[in-house]
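Reading through the structure tokens given below for one structure.
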Amino acid sequence: MFTPVARQRLPGEQLKTIRTKADRVTSLTPRRRSRRTVAPPDRRTLDISEMTGVHIDPSRAPVAFGRLAIPELFAQLVEPDAARRLRALASLCDLTHDPERLYQVVSEGFLDQLEVLLKDGDAAVRTRTCELLHLVTSHNIARQALLSSPLLARLSQLLDDPSPLCRTRAHRVMNSLALLPAGAKALQALVPKLMLKLQEEQEEKEEEVQALLLSTLSCCSRLDAAPALSHRGVTLIGRKLSHACSNIRREAAGAMMALSVIVIAMSQVCEAAVLPVLADLLRDQDVDVQANAAGAIMNTVVITTGKHQCLELDVLPVLLELLSQRKPDVEEEQRRKALVLYSLRALTSLAEAPEGRRRLLLQLPLLVGRSEPPEEDADIRRAARTAVNVVTWTP
Amino acid sequence: MSFVSRNQKGTNGTYTFSSRPRPVENRSKYREKAHSTYGNIMYDRRVIRGNTYAQRFLSTEDLAEMQRQQELRRRAIAQKNKTKEQLRSSTPEAVQGRKHNVVQTELYLEELSYNIELSHIECQTDPLLDRPATPLFIPAKSGKDVATQIEDGELFDFDREVQPLLEVLIGKTIEQSLLEVMEEEELACLRAQQRAFQELRNAELAEVQRLQEQERRHREEKERRIAQQREALRMEKETVEKIAARAYTQQYLADLVPTVFQSLRIHGFFYDPVEKDIETNFFPWLMAEVNSKLEKRNAARQLLDTLIHDVAQKKLPLYTNLETRPEK
């Protein structure tokens, strides 16, 4: 190719360039800024995304369109790279909020693939999988599928996971499963392990996990309280009644209420001196804690020892005061309905003891007031009428 | 020619500068008139020639010295040129008394030199430049110019046309959000219902327990009472039997005492002490005395008997002899 040789120029000479039209045209166009280096994919400087307007979230895998979204994401879950699995899981979590997608996940049998992920080495992957399962349990079909799959056993192993976040999520899944009766039945086998966890958690001081654990236990005990009782349920739960966090107190009182339906439990409660703690909880700030404590007391005073202990502890005036309080707000009244009901039932049981009957006879107008039509709720009226009957019973 | 340069802040805040390509002007040091001759870029002081890899970075003190050195260099070169010119042969010197004068003999001045005046024209494409865009082909205008302008509101009324679009967009969004809210509300309702049911269930369960307990207590009480009654009955029966037995016994044993006394009297348990004494003390002595007397008599009689027996015995053979002899 011919390359022109630059000749030595003498002084005074100038390079004469012929300016053609082409030059003019070239010089009219603005000089483009040339990019020599590739900028890192920083959100602020990514030109492509600014031009096309797509928001790329680096922590989530891209989602395919339509019905291929879920199968595609599940296919990504078997990749060896943990970061990609995490991203796919994040996208899945986003998608499963939609019931249609959830149905797709369940009906096409993808849940079993999650079992492998629960054994994964990376803690973040396990945590995300538990979160996904938690989202999935918000629908019935998914719950049924979950109960009939071997995922449950794997989940129970995750309760011992080293990562605390993973443990919390696994507990959440267990809790939402236990709300279903079939789930509670399936979880009965796990109750001993849960009691063990409860004992261990005393040193952990993780409040959410404890609250979830107690809630699961109360759901299981509602179905059948025997396993929890046989593993020292009363003592362990009794210790939690005086915890600082009101959630834990509420759940512990609820669990105690569920346990004390069995006669053995009632006598254990009396022996273990749990009743004074429950009486203290009646004066708690939170309405739910008060209601649950009243419920536990109502169950315990069925037996004679319970009655005597409660009368000694002077629980009667507290219960009467709870009855006589009427909040002006309708919503508050709704929330207090449980409290009022339980208090009435407790008073009914206490009225069977002669000492209690004598004292309640003095307070009869209050009870009659609750059983008359000014009281809106039919259940409360009924309970009050029973109480009045018992108080005024003569042999 | 206008110089269009653009200094602007780029889209990302960096400083960019771009200007149209223009040749470097050769300005004299003291600009009196607008010189628009273009200097040779190679002899421009502002352009650095040569190797830039080992460029020395001069401080401000050295700058003046460098300029001085450059001046010196320039003067040396000028001197060299001067000497070169002097070496060149020119017209010989004027004879003494005469002076050469430069006179223009021709009309037009002509420089005599061996150098042929050439004008060099070079054109070289810059290898780095892109092929410039082809110039726009603007064909010659032919035909009639027709113009049209769309005024506002002629094509369509934006506000009216955008209605259905907006309706669809907003409708879909609100529908979706309504669905989500309804779902949440449904869940909340379900949960509230479940809670209410649980509360009722617990209350009723307690009631059931209480009634069960009551039932148990009553049953146990009843049993206890029945047992007590049974016990009482048994005790009563026992008492009746005892009373009957006692009455009978009393009656049976009414004449026991006299009989006993009688039999005792019969058996001699009641005694007269004198009589007893006589019996116990006197009579044995008496009997013993009598016995001894009798013994003595007995002994005597026995003695006599033995005597007689002895005598008889002694006499027996005699008599036997006597008995046999008389018979003879």
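As given, the protein sequences belong to chains L and A, one line each in that order. In the working numbering, each number is its position in the first sequence, counted from 1, plus 767. In the working numbering, each number is its position in the second sequence, counted from 1, plus 279. In this text, a Cβ means the ideal position worked out from N, Cα and C, and glycines have one as well. This one's a predicted model, so the numbers in the text were calculated from it and none came from an experiment.
Looking only at its chain, what residues have a beta carbon closer than 8 angstroms to the beta carbon of residue i, apart from the 5 residues adjacent to it on each side?
i                 : result
ALA836 of chain L : VAL830, LEU862, ARG868
THR878 of chain L : The residue you asked about is not Thr; residue 878 of chain L is Leu in the sequence shown. Taken in chain order, the residues that qualify are VAL872, VAL903, ALA909, ALA912, LEU913, SER916, LEU918.
Quick one: is residue i buried, meaning 16 or more other Cβ sit within 10 Å of its Cβ, or exposed?
i                  : result
ASN1066 of chain L : buried
ALA591 of chain A  : exposed
TYR1109 of chain L : buried
GLN1092 of chain L : exposed
VAL1097 of chain L : exposed
ALA426 of chain A  : exposed
VAL1044 of chain L : buried
HIS588 of chain A  : exposed
ALA992 of chain L  : buried
CYS402 of chain A  : exposed
GLY833 of chain L  : exposed
ALA1118 of chain L : buried
MET768 of chain L  : Annotation note: pLDDT 46 at MET768 of chain L (below 50); position unreliable, coordinate value reported separately. MET768 of chain L should be labelled exposed.
LYS423 of chain A  : exposed
ILE327 of chain A  : exposed
Kindly list, in the order they appear in chain L, the residues whose Cβ is closer than 7 angstroms to that of residue i.
i                 : result
LEU484 of chain A : VAL1028
GLN673 of chain A : Because chain A in this structure spans residues 280 to 607, residue 673 of chain A falls outside the shown range and cannot be described.
For the beta strand (DSSP E) that contains residue i, what are its first and last residues?
i                 : result
PHE296 of chain A : 294 to 298
So with CB distances below 7 angstroms, who are the chain A contacts of residue i?
i                  : result
ALA1105 of chain L : GLU478
GLY833 of chain L  : Chain A residues near GLY833 of chain L: none, gap ~17 angstroms exceeds 7 angstroms.
ASN1066 of chain L : ALA485, GLN488
GLY1123 of chain L : Within 7 angstroms Cβ-Cβ: nothing; GLY1123 of chain L doesn't reach chain A, min ~12 angstroms.
THR1115 of chain L : ARG489
ASP1146 of chain L : LEU479
Taking the continuous alpha helix (DSSP H) assigned at residue i, which residues delimit it?
i                  : result
GLY422 of chain A  : That residue, GLY422 of chain A, is in no alpha helix (DSSP H); it is neither H nor E in DSSP.
GLN541 of chain A  : 535 to 545
GLY1005 of chain L : 1000 to 1007
ALA1019 of chain L : 1013 to 1026
PRO732 of chain L  : Absent from the model: residue 732 of chain L. The displayed extent of chain L is 768 to 1162, so no value can be given.
GLY1073 of chain L : 1071 to 1079
TYR870 of chain L  : 866 to 874
PHE841 of chain L  : 836 to 843
ARG906 of chain L  : According to the sequence displayed, residue 906 of chain L carries His and not Arg. Unbroken run through HIS906 of chain L: none, as it is neither H nor E.
SER1116 of chain L : 1097 to 1117
TYR527 of chain A  : 437 to 531
LEU881 of chain L  : 880 to 885
GLU1122 of chain L : 1121 to 1129
ASN394 of chain A  : Segment: none, ASN394 of chain A is in no alpha helix (DSSP H) and carries neither H nor E.
SER923 of chain L  : 918 to 925
ASP861 of chain L  : 849 to 862
SER731 of chain L  : Since the first and last residues shown for chain L are 768 and 1162, residue 731 of chain L lies out of range.
List the residues of chain A whose Cβ lies closer than 9 angstroms to the Cβ of residue i, in chain order.
i                 : result
LEU913 of chain L : Residues of chain A passing the Cβ test: none, with the nearest at roughly 18 angstroms.
Do residue j and residue i have their beta-carbon atoms positioned less than 8 angstroms apart in this structure?
i                  : j                  : result
HIS1010 of chain L : ALA1019 of chain L : yes
SER1116 of chain L : LYS1074 of chain L : yes
LEU840 of chain L  : LEU859 of chain L  : yes
VAL1069 of chain L : GLN477 of chain A  : no
ALA1032 of chain L : LEU990 of chain L  : no
ALA1039 of chain L : GLY1062 of chain L : no
ALA1151 of chain L : LEU1106 of chain L : no
LEU1127 of chain L : VAL1085 of chain L : no
ARG946 of chain L  : CYS897 of chain L  : What sits at residue 946 of chain L in the sequence shown is Leu, not Arg. Not in contact: LEU946 of chain L and CYS897 of chain L (Cβ atoms no closer than 8 angstroms).
GLN966 of chain L  : LEU1026 of chain L : no
LEU922 of chain L  : GLN880 of chain L  : no
ALA485 of chain A  : ARG1112 of chain L : yes
Just to confirm my understanding: we take residue i, look at its own chain, exclude 5 residues before and 5 after, and list those with CB closer than 7 angstroms. What are they?
i                  : result
ASP1144 of chain L : LYS1104
ASP961 of chain L  : Note on identity: in this sequence residue 961 of chain L is Leu, with Asp being the wrong assignment. The answer, listed in chain order, is LEU980, THR983, LEU984.
GLY950 of chain L  : ARG910, LEU914, LEU944
GLU500 of chain A  : none
PRO1028 of chain L : In the sequence as presented, Pro is not what sits at residue 1028 of chain L; that position holds Val. Same-chain partners within the cutoff: ALA992, ASN1066.
ASP323 of chain A  : VAL303
Residues of chain A with a CB under 8 angstroms from the CB of residue i: which are they?
i                  : result
ARG1112 of chain L : ALA482, ALA485, GLU486, ARG489
ILE1199 of chain L : No answer is possible for residue 1199 of chain L: it lies beyond the span of chain L, which begins at 768 and ends at 1162.
ASP1053 of chain L : Within chain A, no residue comes near ASP1053 of chain L; the closest Cβ sits about 15 angstroms away, beyond 8 angstroms.
Identify, in the order they occur along the chain, each residue of the same chain with its Cβ nearer than 6 angstroms to the Cβ of residue i, setting aside the five sequence neighbours on each side.
i                 : result
SER943 of chain L : THR904
ARG798 of chain L : In this prediction, ARG798 of chain L has a pLDDT of 44, which is less than 50 and means its spatial position is unreliable; what the coordinates show is noted afterwards. Counting only Cβ-Cβ distances below 6 angstroms, and skipping sequence neighbours, we find nothing.
VAL805 of chain L : Bear in mind that a pLDDT of 45 at VAL805 of chain L, under 50, signals an unreliable position, so the model cannot answer this.
VAL460 of chain A : none
ALA937 of chain L : CYS897, LEU922, LEU925, LEU926
For the ligand ATP, is there a heavy atom less than 7 angstroms away from the beta-carbon of residue i?
i                 : result
HIS864 of chain L : Absence of the ligand ATP is noted for the structure shown, with no ligands found whatsoever.
Mind checking the segment 949 to 977 of chain L against chain C and listing, in chain order, the residues whose C-beta falls within less than 7 angstroms of any C-beta there?
Among the protein chains in the structure shown, which are L and A, there is no chain C.
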